[in-house]
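Enquirer:
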Amino acid sequence: MSAVPASDLAVEVDDLTMRYADKVALDALSLTVERGSITAVLGPNGAGKTTLLETCEGYRHQHSGTVRVLGLDPVRQRKDLLPRIGVMLQGGGAWSGVRAMEMLRHIASLHAHPLDPQMLSDCLGLDDCARTPYRRLSGGQQQRLNLAMALVGRPELVFVDEPTAGMDPAVRRTTWDLLAQLRTDGVTVVLTTHYMDEAERLADRIHILDHGRLVTSGSPLELTRGGRMSTIRLVVTRPFPAGAHESLRVALGPGTDVTQLDELSLVVTGPADASTLARVSRWCEENDVLPESLTLGQRTLEDVFLELTGRELTP
Amino acid sequence: MSTLPTRPASAVGTFTPRPGAAPMARQVLAQARMEARLMLRNGEQLLLAVVVPLIVLVGAVQGSDRLGLSFDHPAIDVFTPGVLALAVMSTSFTSLAIATGFERRYGVIKRLGTSPLSRSGLLVGKVIALALVELVQVVVISLVALTMGWQPAAGLLGVLLAVLAGTAAFAALGLLVAGSLRAEATLAAANLIYLLLMSAGAVVLPISAYGGFGDVVRWLPSGALGEAMRGALLDGTVQLRDLGVLLVWALIGGVATARTFSWE
Chain V
53 MSAVPASDLA VEVDDLTMRY ADKVALDALS LTVERGSITA VLGPNGAGKT TLLETCEGYR
113 HQHSGTVRVL GLDPVRQRKD LLPRIGVMLQ GGGAWSGVRA MEMLRHIASL HAHPLDPQML
173 SDCLGLDDCA RTPYRRLSGG QQQRLNLAMA LVGRPELVFV DEPTAGMDPA VRRTTWDLLA
233 QLRTDGVTVV LTTHYMDEAE RLADRIHILD HGRLVTSGSP LELTRGGRMS TIRLVVTRPF
293 PAGAHESLRV ALGPGTDVTQ LDELSLVVTG PADASTLARV SRWCEENDVL PESLTLGQRT
353 LEDVFLELTG RELTP
Chain E
6 MSTLPTRPAS AVGTFTPRPG AAPMARQVLA QARMEARLML RNGEQLLLAV VVPLIVLVGA
66 VQGSDRLGLS FDHPAIDVFT PGVLALAVMS TSFTSLAIAT GFERRYGVIK RLGTSPLSRS
126 GLLVGKVIAL ALVELVQVVV ISLVALTMGW QPAAGLLGVL LAVLAGTAAF AALGLLVAGS
186 LRAEATLAAA NLIYLLLMSA GAVVLPISAY GGFGDVVRWL PSGALGEAMR GALLDGTVQL
246 RDLGVLLVWA LIGGVATART FSWE
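Protein sequence lines, in the order shown, are assigned to chains V and E.
Numbers 53 to 367, taken from the working numbering, label the letters of the first sequence in order.
Numbers 6 to 269, taken from the working numbering, label the letters of the second sequence in order.
(1) Opposite V:Y72 in the DSSP bridges: which residues?
(2) Please check if any C-beta of chain E sits within less than 8 Å of the C-beta of V:F357.
(3) For a test of the three-state rule: what should DSSP assign to V:P343, helix, strand or coil?
(4) Please check the pair V:L141 and V:D213, which I expect to be a contact at CB under 8 Å, by giving their CB distance rounded to whole angstroms.
(5) Report the neighbours of E:E108 on chain V: residues whose CB is nearer than 8 Å to its CB, in chain order.
(6) Just list the beta strand (DSSP E) runs in the segment 55 to 79 of chain E, keeping only unbroken ones of 3 residues or longer that don't cross its boundaries, in chain order.
(7) Tell me which residue opens and which closes the beta strand (DSSP E) that V:R128 is part of.
(8) In the DSSP assignment, what residue or residues form a beta bridge with E:F20?
(9) Which residues, taken in chain order from the segment 150 to 183 of chain V, show a beta carbon closer than 7 Å to some beta carbon of chain E?
(10) Quick check: what's the CA-CA separation for V:R206 versus V:V242?
(11) Quick check on V:D66: does DSSP put it in helix, strand or coil?
(12) What residues in the segment 99 to 111 of chain V have a beta carbon less than 9 Å from any beta carbon of chain E?
(13) Which of the residues in the segment 223 to 246 of chain V, read from start to end, lie with their CB under 7 Å from any CB of chain E?
(14) Report all residues from its chain with a CB closer than 8 Å to the CB of V:G279; omit the five preceding and five following residues, and keep chain order.
(15) What residue from E:Q36, E:G231 and E:V83 has the CA that sits closest to E:S125's CA?
(16) By alpha-carbon positions, which one of E:E108, E:T262 and E:A27 ends up nearest to E:A177?
(17) How is E:Q142 classed by DSSP in three states: helix, strand or coil?
(18) If I measure Cβ to Cβ from E:L252 and keep anything under 6 Å in the same chain, skipping five residues before and after, which residues do I get?
(19) Just the C-alpha distance for V:V302 and V:L275, rounded to the nearest angstrom, thanks.
(20) Check V:L81 in the structure and name its three-state DSSP category.
(21) Return the residue from the list E:T85, E:M39 and E:G68 that minimises the CA-CA distance to E:V209.
(22) Distance check for V:L304 and V:R331, CA to CA, integer angstroms please.
(23) Determine the chain B residues that contact V:R206 at a beta-carbon separation under 9 Å, and present them in chain order.
(24) I want to verify the contact list: residues of chain V whose CB lies under 9 Å from the CB of E:L101, in sequence order.
(25) Which one of E:V149, E:E108 and E:T119 has the shortest CA to CA distance from E:K131?
(26) Could you pull out every residue in the same chain whose Cβ sits closer than 6 Å to the Cβ of E:S185, ignoring the five residues on either side in sequence?
(27) Nearest-angstrom Cα distance between V:P215 and E:A90?
(28) Is the Cβ of E:R46 closer than 8 Å to any Cβ of chain V?
(29) Entirely within the segment 122 to 174 of chain E and at least 4 residues each: give me those alpha helix (DSSP H) ranges in chain order.
(30) Please list, in chain order, all residues of the same chain as V:E64 whose beta carbon is under 6 Å from its beta carbon, the five residues on each side excluded.
(31) When DSSP builds the beta bridges, which residues end up paired with V:V241?
(32) Who are E:L202's beta bridge partners in DSSP?
(33) Skipping 5 residues on each side, what residues in its chain have a beta carbon closer than 6 Å to that of V:R277?
(34) Let me know if V:Q193 comes out buried or exposed under the rule of 16 or more other beta-carbons within 10 Å of its beta-carbon.
(35) Check for me: the beta strand (DSSP E) holding E:G270 runs from which residue to which?
(36) Who are the near neighbours of E:V129 in its chain, counting only those whose CB is closer than 7 Å to its CB and skipping five residues on each side?
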């Protein structure tokens, strides 16, 4: 763990365990979030991302371990904490008959120095649905309104749960720009996502969660660099013969690893040089495998996740 | 159909943190205004709040003439306090239960749970919203009754205490239903209980009309509220026993709600 003074940490989670009935949602989880950063919590559905956020927001009593948000206990000091944080829930959160701007103005009126709701509405493109009842907003519009509600109180720290789920690509980019601007202005952002590109593009630091455990942490660069590792991705036209990835691993020798993604594609991790490439092609020839594509690349977060968990991170 | 934000990202420093809660009183008033507005905007709620009581008032007065029912007082004087009690019941029990049930369903209460508004602030806001809607109801119903020849006794204190105690009792019971059932079940139960109490709970008809059954229904919150209103507006008295019954119901409902209510 990095030696950051505690006062520079917006969130400190130490040895946190959460259980529901007999299911362990978070398992001895420890992580930190630095002030003024964008931190992404990445993981597949059911990894514990939302549970982690809701524990930080004081919705849930932790079963063991400690959580500090802006130096406060989110359950016992919730009253002091709430005005200082903004929360974007995954869905819902408004009366079905309330108009979009009416809802935003209402949340603004609960804060001492709110942002101008009209300015936020301009920023997030909510103007043409200002008078639309919440139940008639599209999924993307609801998401944008929910984000506006999280920001309107001028918080120090915002928790955003799957902020761009259901948004079209153009609005997604605008939302990313907005989140980046929050960081510029000194707001700490903690977001959950299962979009790799979102985490890779936005986050200063990424925590990867799987089955309630922290799998790894690092900056996007640290995670994808991982030494001098590179990847070769092989996609074929007919399903691989049985045991293909084993036989390819043998053919390539030590220093490389092979992970089969599905029956038509696999990834070779290791030094992606000419000799490895030549051995992959020779293996294809010997095994009567017809490549459709053979691509060289840096490791992506997707590859990292796959190596660490043995699964793909698709929603 | 999402259009792109046309403006470039706002100026640097726009989002510089400046957190803080609005003063408690301002938050509570904002919440009360919001809830009252939503309640009055909703057609079904408005029907329940004003139209149904007015129909009951006109129907009861005309019906008692036809049926030759006789009371110690003119029919309009007997029925108006009961209809006002009915209006209080419809708002503080049925409307509150249904609204709260759907607030749980839609995550409104969860969302407000991360705002600076505290749980107690939310409750006080709800109570003020109820009072605002009840004020509208009382004014409208009283005006109609006055045009029909209503001559109330000067029992303002009794009315005020009855409305307060009745609201407390029915709101506690309404929250009990809303906090333990699903939204659809709350909708059904709140309407059903309202109909049962309206027809057989001694709200509109005085307990004297229930014969021997009157000794039972006067212990119901509906009977107690109806009697307290009639005592105040027919004779100008403060009905301590009925107010006591209402407070006991408020206590039972409040304790049960505190134990069972879940915000989500």
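Ideal Cβ placement from N, Cα and C applies to all residues, glycine included.
Expert: According to the structure shown:
(1) Taking the first residue of the first sequence as 1, we reach residue 72 of chain V at position 20. In DSSP, V:Y72 forms a bridge with V:K75.
(2) For the purposes of this step, residue 357 of chain V is identified with residue 305 of the first sequence, where counting begins at 1. V:F357 is outside the set of residues whose beta carbon lies under 8 Å from a beta carbon in chain E.
(3) Taking the first sequence and counting its residues from 1, the one referred to as residue 343 of chain V is at position 291. It is a strand residue.
(4) Here residue 141 of chain V refers to the residue found at position 89 of the first sequence. Here residue 213 of chain V refers to the residue found at position 161 of the first sequence. The distance from the Cβ of V:L141 to that of V:D213 is about 6 Å, consistent with a contact at the 8 Å cut-off.
(5) If you number the second sequence from 1, residue 108 of chain E lands on position 103. Proximity of chain V to E:E108 at the Cβ level (cut-off 8 Å) is accounted for by W147, in chain order.
(6) Counting whole runs of 3 or more residues, the segment 55 to 79 of chain E contains no beta strand (DSSP E) stretch at all.
(7) Looking up residue 128 of chain V in the first sequence gives position 76. Per DSSP, V:R128 belongs to no beta strand (DSSP E) and is neither H nor E.
(8) Residue numbering aside, residue 20 of chain E sits at position 15 when the second sequence is read from its first letter. As far as DSSP is concerned, E:F20 takes part in no beta bridge.
(9) Only those residues of the segment 150 to 183 of chain V whose C-beta falls short of 7 Å from the nearest C-beta of chain E are listed: V150, H158, I159, S161, L162, H163, A164, H165, M171, D174, C175, L176, G177 and D180.
(10) By one-based count along the first sequence, residue 206 of chain V stands at place 154. By one-based count along the first sequence, residue 242 of chain V stands at place 190. If you take the alpha carbons of V:R206 and V:V242, they lie about 15 Å apart.
(11) Here the question's residue 66 of chain V lines up with position 14 in the first sequence. Shown here, V:D66 sits in a strand according to DSSP, grouped into three states.
(12) Here the close residues are E109, G110 and Y111.
(13) Correct list: V223, T226, D229, L230, Q233, L234, T236, D237, G238 and V239.
(14) Stepping through the first sequence from its first residue, residue 279 of chain V is reached at position 227. Unreliable positioning characterises V:G279 in this predicted model, as indicated by a pLDDT of 48, which lies under 50. A coordinate reading is not provided.
(15) The residue given as residue 125 of chain E occupies position 120 in the second sequence. With distances taken between Cα atoms, E:S125 lies closest to E:Q36.
(16) Within the second sequence, numbered from 1, the residue matching residue 177 of chain E stands at position 172. Taking only the C-alpha atoms, the option nearest E:A177 is E:T262.
(17) As a working note, residue 142 of chain E is residue 137 in the second sequence. The answer is helix: DSSP assigns E:Q142 an H, G or I state.
(18) Residue 252 of chain E sits at position 247 when you count from the first residue of the second sequence. Spatial neighbours of E:L252 in its own chain (CB-CB distance under 6 Å, excluding positions within 5 residues in sequence) are listed in chain order as A170.
(19) For this step, residue 302 of chain V is matched to residue 250 along the first sequence. For this step, residue 275 of chain V is matched to residue 223 along the first sequence. Using only the alpha carbons, I get a separation of about 27 Å.
(20) Mapped onto the first sequence, residue 81 of chain V falls at position 29. Strand, per DSSP.
(21) Working through the second sequence from its first residue, we reach residue 209 of chain E at position 204. Out of E:T85, E:M39 and E:G68, E:T85 has the C-alpha closest to the C-alpha of E:V209.
(22) Here residue 331 of chain V refers to the residue found at position 279 of the first sequence. Here residue 304 of chain V refers to the residue found at position 252 of the first sequence. Taking C-alpha positions only, V:R331 is separated from V:L304 by approximately 6 Å.
(23) No chain B appears in the structure shown, which is made up of the protein chains V and E.
(24) One-based indexing of the second sequence puts residue 101 of chain E at position 96. The contacting residues do not exist; E:L101 stays about 14 Å from chain V at best.
(25) Numbered from 1 along the second sequence, position 126 holds the residue referred to as residue 131 of chain E. Selected option, being the one with the closest Cα: E:E108.
(26) Numbered from its first residue, the second sequence carries residue 185 of chain E at position 180. The residues are T265.
(27) By 1-based counting over the first sequence, the position of residue 215 of chain V is 163. By 1-based counting over the second sequence, the position of residue 90 of chain E is 85. Within the model, the alpha-carbon separation for V:P215 versus E:A90 is close to 48 Å.
(28) For the purposes of this step, residue 46 of chain E is taken as the residue at position 41 of the second sequence. For E:R46, the answer is yes, since a Cβ of chain V falls inside 8 Å of its Cβ.
(29) Entirely contained in the segment 122 to 174 of chain E, the alpha helix (DSSP H) runs reaching 4 residues are, in chain order, 124 to 152.
(30) Here residue 64 of chain V corresponds to residue number 12 of the first sequence, with the count starting at 1. Counting only Cβ-Cβ distances below 6 Å, and skipping sequence neighbours, we find T84 and R120.
(31) The count along the first sequence starts at 1 and reaches residue 241 of chain V at position 189. Among the bridge pairs identified by DSSP, V:V241 is matched with V:I90 and V:V210.
(32) Here residue 202 of chain E corresponds to residue number 197 of the second sequence, with the count starting at 1. For E:L202, no pairing in a beta bridge is given by DSSP.
(33) Looking up residue 277 of chain V in the first sequence gives position 225. Here the set comprises nothing.
(34) Translated into the one-based positions of the first sequence, residue 193 of chain V becomes position 141. Its Cβ being crowded by 16 or more others within 10 Å, V:Q193 is buried.
(35) As shown, chain E starts at 6 and ends at 269. That puts residue 270 of chain E outside it, with no answer to give.
(36) Counted from its first residue, the second sequence places residue 129 of chain E at position 124. Counting only residues of its own chain and dropping the five nearest sequence neighbours on each side, E:V129 has a CB closer than 7 Å to the CB of V33.
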